[in-house]
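Chemist:
Numbering (the numbering used here), first residue to last: 2 to 231.
#1: Between 16, 134, 176, 97, which has its C-alpha nearest residue 199's C-alpha?
#2: Tell me, which residues are paired with residue 110 by DSSP?
#3: Quickly, what does DSSP pair residue 13 with across the bridge? List them, please.
#4: List the DSSP bridge partners of residue 75.
#5: Can you check which of these residues, 102, 190, 171, is closest to residue 19 by C-alpha distance?
#6: Return helix, strand or coil for residue 171, following the three-state DSSP convention.
#7: Output the boundary residues of the beta strand (DSSP E) element that contains residue 62.
#8: Sort 106, 108, 107, 123 by Cα distance to residue 114 and report the nearest one.
#9: Around the C-beta of residue 16, are 16 or more other C-beta atoms found within 10 angstroms, so that it is buried, or is it exposed?
#10: Among 28, 75, 51, 2, which one has its Cα closest to the Cα of residue 63?
#11: Suppose you measure from the CA of residue 70 to the CA of residue 94; what does that come to, to the nearest Å?
#12: Strictly by DSSP, which residues pair up with residue 142?
#13: Is it right to say residue 203 is buried, meaning 16 or more other beta carbons lie within 10 angstroms of its own, or is it exposed?
#14: In terms of residue numbering, what span does the alpha helix (DSSP H) encompassing residue 38 cover?
#15: Flag this pair as yes or no: are the beta carbons of residue 48 and residue 127 separated by less than 7 Å?
#16: So for residue 47, helix, strand or coil by DSSP?
#17: With 16 as the cutoff for other CB atoms within 10 Å, does residue 75 come out buried or exposed?
#18: Can you find a CB in chain D that lies within less than 7 Å of the CB of residue 62?
#19: Work out the CA separation of residue 148 and residue 182 for me, nearest whole Å.
#20: Candidates 51, 224, 60, 54: which alpha carbon is nearest residue 42's?
This is how it looks when you write it as structure tokens:
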């Protein structure tokens, strides 16, 4: 399995014959050079969405049309896109699991918000979520944008993920110290990959506090477009 950071909270996960793009933000992403956009999306088989804020959803519909691949996400928004945008979608909800062909994805809770901007103000767009991804004998917790939450207690105990992809930039989500606290209290990760940081000055720029708070855990600060073989 290869996990490739596309900057911010965007990831490319390659496993078997599947290439999953999680919250792929290309247009306006200051961390992903434009000349890397095609390589970032090449061969993608599924688009996975955690919530509808612009830095997660801006390229979702254009990529679905360009690549002719399904969008996987929360039922209400997927139903809307299927009906109104004629998109191929896989809609499910928290507690549900879908099989993407050798990869299973379970939707779990997150604590954040999920809205589109409009001329009339923000519009609700389904609800925010995270995911448990299972493939190649590995279990990955993709937190999505979230604060520390009590649900992490049972998520860690029930699913027992060994890899955590955790938002940790602060301001909009938990910060590095918060992510370290959550990982230490609720999970038994072997590997933690921070995200949703470094993109803008308002976000944390280093994962030093995360690593400091998780002795014995392999905390990997990803580099854009550099594959992590896990």
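Even glycine gets a Cβ: it sits at the ideal position worked out from N, Cα and C.
Note that the structure is a prediction, hence the values are computed from the model and not measured.
Modeler: According to the structure shown:
#1: Selected option, being the one with the closest Cα: 176.
#2: Paired residue(s): 130.
#3: Its beta-bridge partners are 5, 22.
#4: BP columns for residue 75 point to 93.
#5: Checking every option, the nearest Cα to that of residue 19 belongs to 102.
#6: DSSP places residue 171 in coil when its eight states are reduced to three.
#7: Note, residue 62: premise wrong, no beta strand (DSSP E); alpha helix (DSSP H) at 61-68.
#8: Between residue 114 and the set 106, 108, 107, 123, the nearest pair of CA atoms involves 123.
#9: With a 10 Å radius around the Cβ and a threshold of 16 neighbouring Cβ atoms, residue 16 comes out buried.
#10: When only C-alpha atoms are compared, the closest one is 28.
#11: Their Cα atoms are separated by approximately 20 Å.
#12: Residue 142 pairs with 133, 165.
#13: Residue 203 is exposed by the Cβ-count criterion.
#14: Bounds of the alpha helix (DSSP H) holding residue 38 are 38-42.
#15: No, the pair does not count as a contact, with Cβ atoms beyond the cut-off.
#16: When secondary structure is reduced to three states using DSSP, residue 47 falls in the strand class.
#17: The residue is buried, with at least 16 neighbouring Cβ atoms inside 10 Å.
#18: The question asks about chain D, but that chain is absent: this structure has only one protein chain.
#19: Taking the straight line from one Cα to the other gives about 11 Å.
#20: Per the Cα distances, 60.
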